[in-house]
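Mapping of the sequence shown onto full-length UniProt numbering: residues 1 to 145, in sequence order.
Note that the Cβ used here is the ideal one computed from N, Cα and C, for glycine as well.
In what follows, a single structure is set out as structure tokens and then discussed.
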Amino acid sequence: MKALIQRVKSASVTIEGNSVGAIDHGLLALVGVEKGDREADADKLLHKLLHYRVFSDEAGKMNHNLQQAEGGLLLVSQFTLAADTRKGLRPSFSSAAPPDEGERLFNYLVSQARAAWPHIAEGQFGADMQVALVNDGPVTFLLES
Numbered sequence: 001m002k003a004l005i006q007r008v009k010s011a012s013v014t015i016e017g018n019s020v021g022a023i024d025h026g027l028l029a030l031v032g033v034e035k036g037d038r039e040a041d042a043d044k045l046l047h048k049l050l051h052y053r054v055f056s057d058e059a060g061k062m063n064h065n066l067q068q069a070e071g072g073l074l075l076v077s078q079f080t081l082a083a084d085t086r087k088g089l090r091p092s093f094s095s096a097a098p099p100d101e102g103e104r105l106f107n108y109l110v111s112q113a114r115a116a117w118p119h120i121a122e123g124q125f126g127a128d129m130q131v132a133l134v135n136d137g138p139v140t141f142l143l144e145s
């Protein structure tokens with residue numbers, strides 16, 4: 001599994017004009033599920049999402065994690081992260097998990113996140129979503145399980 005994370009001052013997801021998830025400061029995580037990913041990969045990715053040190057401490061160094069910063073986590077499914085872009089001018093999605101498996105693992109990640117941290121929001125798997133964010137930094141990392 002992969003997650004492109006961005007430290008944000010705020011982020012939200014709307015579907016057909018309706019807000020379905022929003023956070024104030026925290027992390028926006030665009031999550032891609034690849035063939036062969038398992039629940040253990042989701043667990044490892046969640047641990048990184050909650051503990052990756054990308055928030056500033058008192059000295060201005062990135063030493064605090066999401067929980068220490070008391071931030072929100074907005075999880076958004078993004079199958080295009082599994083694209084192979086090495087050849088040609090059109091992405092190949094052959095390494096992406098099939099939709100049913102991707103949805104199952106994304107929903108598993110969300111449920112585990114909700115059990116571990118109270119400030120969780122999410123998009124809707126497979127929906128045409130509009131994601132808005134105010135990037136903080138900008139600070140962006142690609143995490144892989």
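Opposite S92 in the DSSP bridges: which residues?
DSSP, once it has assigned bridges, lists D84 as partnering S92.
When burial is assigned at 16 or more other CB atoms within 10 Å of the CB, is K9 buried or exposed?
Counting the other Cβ atoms within 10 Å of the Cβ of K9 gives fewer than 16, which makes it exposed.
Is the region 9-19 touching the region 42-60 in the sense that three or more CB pairs, one from each, lie closer than 8 angstroms?
With the cut-off at 8 angstroms, the region 42-60 and the region 9-19 do not touch.
For the putative contact between A82 and E34, defined by C-beta atoms under 8 angstroms, what is the C-beta separation to the nearest angstrom?
That belief holds up - the Cβ atoms of A82 and E34 are roughly 5 angstroms apart, short of 8 angstroms.
Among G60, L73, E103, M129, which residue has its Cα nearest to the Cα of G32?
For G32, the nearest C-alpha among the options comes from E103.
CA nearest to the CA of A127, picked from M62, S77, Q6, A97:
Here the closest residue by C-alpha is S77.
Among G60, F79, A59, K48, whose alpha-carbon lies nearest the alpha-carbon of Q67?
Cα-wise, what sits closest to Q67 is K48.
Report the partner residues of G26 according to the DSSP bridge assignment.
Residue pairing by DSSP places G26 opposite V8, G72 in a beta bridge.
DSSP-derived helix/strand/coil call for F125:
Here DSSP, grouped into helix, strand and coil, assigns F125 to coil.
Determine whether the beta carbon atoms of G72 and D37 lie at a separation below 8 angstroms.
Cβ distance not < 8 angstroms, so G72 and D37 don't count as in contact.
S111 versus A121 - alpha carbon distance:
Roughly 11 angstroms separates the two Cα atoms.
With a Cβ-Cβ cutoff of 8 angstroms, do L74 and A11 count as a contact?
Contact flag set, yes.
Consult DSSP for G60 and reduce its assignment to one of helix, strand or coil.
In this structure, G60 counts as coil in the three-state DSSP scheme.
How should R86 be labelled, buried or exposed, when 16 other C-beta atoms within 10 angstroms of its C-beta is the threshold for buried?
R86 comes out exposed.
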